[in-house]
Amino acid sequence: MDAALIDPDPALLDATAVVEKLCTDAELGLTAEEAARRLAVVGANDIESVPPPPAYRKLLAQFRSPLIYLLLAALVASLAVWVVEGAGGWPVDAVVIAVILVLNALLGYAQETRAERAVSALARMAATSATVLRGGARRTVPASEVVPGDVLLLAEGDAVAADARLLSAAGLEVSEAALTGLSEPVLKDARTLAEPSALGDRADMVFKGTAVSTGVGRAVVTATGMATQTGQIAGLVRIADHEPTPLQREVARASRLLGIAVLVIAVVVIATILLVFGMRTAHDVVTAALLGVSLAVAAVPEGLPAIMSVVLALGMRRMAAQNAVVKQLSSAETLGSASVVCSGKTGTLTTGELTIVRVVTPLGEVRVTGAGYRPEGHLERGGAALDEGDGLWRQAALVVDGGAAAAHATLEADDGRWTIRGDPVEAAFLVAHKKLGGGPRPTPADVTTGDPDEVLGHCTHLRAGDRVAPLDDATRATIRSAAERLRLDALHAMAVACRSDGHLVYLGMVGITDPPRPEAAAAIAEARRAGVRVVMITGDHPQAAARIARKLGIEDRESAVSGTQLATLDDEQLRETVRLHSQYTQVSPADKQRIIDALQAEHEIVAVTGEGINDAPALKAADIGIAMDRSGTEVAREAADMILADDNFATIVQAIREGRGIFSNIKKTLRYLLSSNMGEIFTVFFGVVLAGAIGLSQGHTVALPLLATQILWINLLTDGAPALALGVDPHADEVMNLPPRSASDRVIDGRMWNNIVVIGAAVAAATLVTIHLYAPGGPLPSSLDTARTAGFTVLVIAQLINTINARSETRTAFHRFFANRWLWAAIGLSALLQVAVVQLPVLNTAFTTTPLSPSQWLVCVAMASSVLWVSEIRKLILRHRTSRS
């Protein structure tokens, strides 16, 4: 027995022939023993996910980054310096880099494993069961244990466990939207197809992952697991490549630039020292090489990988708390870069709960208040509530009660949340019935509901109040006009009639809508303010979609584009279309994929929501795929980067805010680390070049402005806790007032390079001027060790002050000055450690420092503060330029 579809297509075979080929019994099903044997042969009826890599591979994958490679090179260089110096003591800088690399890998591994567990938990929650015949008895078994040849018993509300050929069907309608994208349930029929048909037209088949809307049926299983239609789509998704996220691409680029810069820095500094100092002995060359390599190591922001992992991990936790489960660390930032969000309508922008909002009767029209499945509301006319004694109220109640009597759906309250089982349209009647004070389900005789035109075609009479009269042509025209009016208002019209004295009597009709989520309009407005375009892609009717779009504020420069129109467009025309339109209706999953591809061809960073099996390729192709949890399929969740636990569009906008905050903090950290490191580079370079002017050159003896051990200490002190605290800076409100980052934008752009150079120069100038003040022969002459210690201290304090500067590119450092308590704690800790290095004798020897007097400390602090004022002037100029542009 094979789990694959039998050949030829079972949809084209007589049901009896299918049963014979599968060696089963249509009336008794398989025996328990035979089912167990087949399960052992064909395997579980599961959709295989991508096999998780072994733990050691997931851990090693954390080291797969150009920045990590650069740090590994710095680690080797640090060890080389340590060996050249005589391998005395601990190689502190090498140990620090190694610890950072290991902690970064462990943190990334832990967070991604945690996300995998969350996704697995969602999948377990979605696990289904199936009712089968085993030896002639009904048995409920896990869907994973269904095998080819099993006879499925299908009833309203059941999830179809496998692909199966119908043996019988009675009013069986199956919702196949998850597989085909068609929003209306498909009426099934056990009669054999005459010719090969598209998936959505195979009326004699049911498919895994779909759901029974109404009716009952029996079917013999023809395929399970990966051999099902769902499994075949999942297989295609598994082999699709996933492009790196924007952050991954930018970090890789920045790392390459830093690698080149580090090599250039080492060569230039070593060459400059040798040329200026005229060093000729081997010891002199080793000293110059030692300083050059130390400075190059200091130029590498070794804390950045760990900081990025912490920032992303905390972002993942905050997103999860807001019902957005992100599967990988890097994906947490991608949403912040999104310039377009392609969202479905039903259940995401809307509640997904069909609601009767209008009742049209021969006596007049009334509105029904309340939205969703919560049975709270009343009838009103002209804005005023109707009294139960009013004839119009009674007629409207008759229409609603009639629809409720014909319903097979159920409405249940579970911990304050109302849910339905069965047809959503029927449930809408039940909810309206309860809103009008209805008790148990009413039982009028022989009620008919359906499309107004179809129902009218069978009605001979009409009821208006207590009077029943024959239907004439004029009245029929009036009713059809009312139905058309409901449709123009984007409401789904359903007529209600009942049989009386041998006649089918028309009672009235209702207008049904899927109301927009209350919070969706505000979320869309916030997205628009942030420059994020919201595109609605739905399989629904254009008028219904347009009504929701208007209510939510999704603007379109022209009319909505239908799937039929999309089919006539070539790729170039489609690219022009996606620039102009934000509403797409009656769209198939294939159309959705084309829209996403066209948007990406326009250099947009696209986030896309999906729930169905056929959405999986689009979820995989998008820059970030967002699967629905409540209404989503297992295949969609597998293909997505993020899972929306509440199916709510507002959650996506909150995740965008979080993603932007993550990227903003990473930029703050880069701005701080690189500008501070540039200060060290400028200090050493210009300290050597200007040695005579600042008092470091006495005759033929030239002293270095900083020693290698001091540079490594600065690197350890300022690239650690302060940078990490800056990475968790509270998100500023401005993150949602800026346009999204373009796919071509750089993390380190021209303005950041300007900041790096200006602040680096200011740090170096403050350091070198301080050295000059205390150098022998300077304005406040002292020893060379005192001058170097003072310069060393100014460099550290200036970098700590620079953390406050780096919190914003243009906004004053005094804005929300104390908002980040972690930053102030890190600054305080680093400052205390620097005091210890300067004032404690045991550390004086290790770092070649000498204690400073209180007045010298005041001078150092004053000189270091100049960095703050230089930054404030630069920001003021930038704000002035921005306001004038």
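The sequence shown begins at 271 in this note's numbering and counts up by one.
Cβ coordinates follow ideal geometry from the N, Cα and C atoms, glycine included.
Note that the structure is a prediction, hence the values are computed from the model and not measured.
Item, Value
"With DSSP run on the structure shown, which of helix, strand or coil describes Y643?", "coil"
"Measure the C-alpha to C-alpha separation of T492 and I807 and round it to an integer number of angstroms.", "33 angstroms"
"So, at 7 angstroms on beta carbons, what are the nonlocal neighbours of V1107 in its own chain, with the 5 sequence-adjacent residues on each side left out?", "W983, L1113, F1117, T1119"
"In the stretch 809-868, which residue ranges form an unbroken beta strand (DSSP E) of at least 3 residues, counting only runs that do not cross its ends?", "853-855"
"What first and last residue would you give for the alpha helix (DSSP H) that runs through T745?", "743-758"
"Rounded to the nearest angstrom, what separates R1011 and T604 at their Cα positions?", "10 angstroms"
"Just reading off the beta strand (DSSP E) that P788 is part of, what are its end residues?", "Unbroken run through P788: none, as it is neither H nor E."
"So G218 packs on L298, CB below 8 angstroms; how close in whole Å?", "The structure shown does not extend to residue 218, since the chain is modelled only from 271 through 1155, so no value can be given for it."
"Roughly how many whole angstroms lie between the Cα atoms of A1035 and G957?", "10 angstroms"
"With DSSP as the reference, identify every bridge partner of W688, one or two as the case may be.", "A683"
"Given this structure, state the Cα-to-Cα distance separating M589 from M912, to the nearest angstrom.", "10 angstroms"
"Taking CB distances under 8 angstroms as the criterion, tell me whether H851 reaches chain D.", "Absent from the structure is chain D; it holds one protein chain and no more."
"Would you please state the rounded distance, in angstroms, between the beta carbons of V725 and V629? I believe it to be under 8 angstroms.", "Incorrect: roughly 15 angstroms between the Cβ atoms, too far for contact."
"Within a Cβ cutoff of 6 angstroms, which residues of the same chain sit near Q1069, ignoring the five residues on either side of it in sequence?", "S946, T988"
"Would you grab the beta carbon distance between A481 and V430 for me? Rounded to a whole angstrom, and I think it's under 8 angstroms.", "7 angstroms"
"What runs of the beta strand (DSSP E), each 3 residues or longer, lie entirely inside the stretch 407-440?", "407-412, 421-424"
"What distance in whole Å lies between the Cβ atoms of C729 and L761, which are believed to be in contact at a cut-off of 8 angstroms?", "Incorrect: roughly 21 angstroms between the Cβ atoms, too far for contact."
"Among the residues of its own chain, which have a CB less than 6 angstroms from the CB of G931, if the five just before and after it don't count?", "H1001, V1005"
"Quick one: Cα of A1158 to Cα of G778, how far?", "No statement about residue 1158 is possible, as the shown extent of the chain runs from 271 to 1155 and does not include it."
"On the criterion of 16 or more Cβ atoms from any shown chain inside 10 Å, does L1128 qualify as buried, or is it exposed?", "exposed"
"Is the CB-CB distance between V1137 and I1071 below 8 angstroms?", "yes"
"According to DSSP, what are the bridge partners of Y776?", "L732, A767"
"Helix, strand or coil for A396, going by three-state DSSP, please let me know.", "Bear in mind that the predicted position of A396 carries a pLDDT of just 45, short of 50, making it unreliable; the figure below should be weighed with that in mind. It is coil, neither helix nor strand."
"Rounded to whole angstroms, how far is the Cβ of L633 from the Cβ of A674, which I believe are closer than 8 angstroms?", "Their Cβ separation, rounded to whole angstroms, is 20 angstroms, which puts L633 and A674 out of contact at 8 angstroms."
"To test your reading of the DSSP string, which unbroken alpha helix (DSSP H) runs of 4 or more residues are found completely within the stretch 1098-1144?", "1111-1117"
"From the DSSP output, read off the bridge partner residues of I913.", "V595, A897"
"For the candidate residues E796, K821, L437, whose alpha-carbon lies nearest to that of A296?", "L437"
"Find out if the Cβ-Cβ distance for the pair I883, G479 is shorter than 8 angstroms.", "yes"
"Are the stretch 741-748 and the stretch 788-800 touching by the rule of at least three beta carbon pairs closer than 8 angstroms?", "no"
"Tell me whether Q853, by its Cβ, gets closer than 7 angstroms to a heavy atom of the ligand PLP.", "With respect to small molecules bound, the structure shown includes none, and the ligand PLP cannot be examined in it."
"With a CB to CB cut of under 7 angstroms and the five nearest residues on each side skipped, what residues in its chain are close to I818?", "K615, L619, T620, P786"
"Near V717, what residues of its chain come up, given a Cβ to Cβ distance below 6 angstroms and the 5 sequence neighbours on each side ignored?", "G672, A675, A676, C768"
"Determine the direct distance from the alpha carbon of A350 to that of T1059, and round the result to whole angstroms.", "26 angstroms"
"Measure the Cβ-Cβ separation of E1080 and T979 and say whether it is below 8 angstroms.", "Here residue 1080 is Thr; the residue named in the question, Glu, does not match the sequence. Their beta carbons are not under 8 angstroms apart, which means T1080 does not touch T979 by this criterion."
"Which class does A274 belong to by DSSP, given the choice of helix, strand or coil?", "Because A274 carries a pLDDT of 47, less than 50, the predicted location of this residue cannot be relied on, and no value is offered for it."
"Using DSSP with H/G/I as helix, E/B as strand and the rest coil, what is T621?", "coil"
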